[in-house]
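Novice:
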Amino acid sequence: MSGKSKLKRLNKRKKNKKQFIDNVECINTSMIKHRPTFRGYVHALGLLITIGILIIILPHLNLFSEVTNNDSYVLLYFLIQILQFGLL
């Protein structure tokens, strides 16, 4: 292999490496500026509606006849906490 072709190959490799680094930096900056998508808003809205329905309906369901109304709110609180940790 001649010295010229070896030098050419090394320069090409350096150029490709620099281009790769530039592309990675471009991806990183685009991720920083990323805004929530419409799909994300729909998921958040669906979650809020679900929790709202649980807050309204769950205390009226007599799931445990010996549980008082106040205790059902405590159960609802723990249910919401479990949902939040599951979705994080």
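If you're matching positions, the sequence shown starts at -7 in the numbering used here and goes up one per residue. Ideal Cβ placement from N, Cα and C applies to all residues, glycine included.
Pick out whichever of Arg1, Tyr33, Gln73 has its Cα sitting closest to the Cα of Ile43.
Specialist: Out of Arg1, Tyr33, Gln73, Gln73 has the C-alpha closest to the C-alpha of Ile43.
Novice: Quick check: the Cα distance between Arg1 and Ala36, rounded to an integer number of angstroms?
Specialist: Cα to Cα, the separation comes out at about 52 Å.
Novice: Taking 9 Å as the threshold (C-beta atoms), are Leu39 and Leu75 in contact?
Specialist: Yes, they are a contact pair.
Novice: From Val34, Leu68, Arg31, pick the residue whose C-alpha is nearest to that of Ile49; which is it?
Specialist: Checked all of Val34, Leu68, Arg31; the closest Cα to Ile49 is Leu68.
Novice: CA-CA distance, Ile45 and Thr29?
Specialist: In a straight line, the C-alpha of Ile45 is about 25 Å away from that of Thr29.
Novice: Starting from Thr42, trace the alpha helix (DSSP H) both ways and give me its first and last residue.
Specialist: Unbroken alpha helix (DSSP H) run through Thr42: 30 to 49.
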